[in-house]
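Residue numbers (my numbering): 5 to 150.
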């Protein structure tokens, strides 16, 4: 379990480092967190495993108590696996098989063009932009489902 958590943590750090470059902000909270802080998050995790058992990508989410919402907290792809369709396949699997009902929410850096295109391509509608921290503008998306 510690080996898997360490691998997930490293994939997340590599993915968020790329996002930090795209949005011009290196204070992304998940980029700064320790492995212990990551493990303490109340999230469910789904990963994509490459040949040799290496983690290539993951998605993490939660469904707040009493709400029929899928709150996607993290979508990370190891840069070695960019543009292979892993993020869209993981999100589709999550929304079709694991959490097939309720609206879905996700956010990303407003200037993260690849992530914005991913969410829009999956049918998410941009519902706003907020400033989470000075210099950190987050685009918010929602997918309305029956």
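Beta carbons: idealized from backbone N, C-alpha and C, even for Gly.
Only a predicted model underlies this, so the values are computations on that prediction, with no experimental measurement involved.
To the nearest whole angstrom, what separates the beta carbons of residue 140 and residue 62, a pair I think is in contact under 8 Å? Against the chain shown, residue 140 aligns to sequence position 136. Against the chain shown, residue 62 aligns to sequence position 58. Contact flag wrong, Cβ pair sits at about 22 Å.
Residue 112 classed as buried or exposed, judged by whether at least 16 other C-beta atoms fall within 10 angstroms: Taking the first residue of the chain shown as 1, we reach residue 112 at position 108. A buried status is given to residue 112, since no fewer than 16 other beta-carbon atoms sit within 10 Å of its beta-carbon.
Beta-bridge pairing of residue 49 - partner residues as DSSP gives them: As a working note, residue 49 is residue 45 in the chain shown. DSSP output for residue 49 lists 64 as bridge partner(s).
Measure from the alpha carbon of residue 104 to the alpha carbon of each residue in 147, 121, 130, then state which is nearest. Position 100 of the chain shown, counting from 1, holds the residue named residue 104. Minimum Cα-Cα distance from residue 104 among the listed residues 147, 121, 130 corresponds to 147.
If we ignore side chains and look at the alpha-carbon of each, how far apart do residue 33 and residue 76 end up? Position 29 of the chain shown, counted from the first residue, corresponds to residue 33. Position 72 of the chain shown, counted from the first residue, corresponds to residue 76. In this structure, the CA atom of residue 33 is about 15 Å from the CA atom of residue 76.
Exposed or buried, which one is residue 74 when buried takes at least 16 other CB atoms within 10 Å? Within the chain shown, residue 74 is the residue found at index 70, counting from 1. Looking at its Cβ environment, which holds 16 or more other Cβ atoms inside 10 Å, residue 74 is buried.
Beta-carbon within less than 8 Å of residue 26's beta-carbon, same chain only, minus the 5 sequence neighbours each way: which residues are those? Locating residue 26 in the chain shown gives position 22, where the first residue counts as 1. Contacts found: 113, 115, 116, 117, 118.
Residue 92 by DSSP, collapsed to three states: which one? For the purposes of this step, residue 92 is taken as residue 88 along the chain shown, with counting starting at 1. In the structure shown, the three-state DSSP call for residue 92 is helix.
Measure from the alpha carbon of residue 124 to the alpha carbon of each residue in 106, 95, 101, then state which is nearest. In the chain shown, counting from the first residue as 1, residue 124 sits at position 120. Closest option to residue 124, Cα to Cα, is 95.
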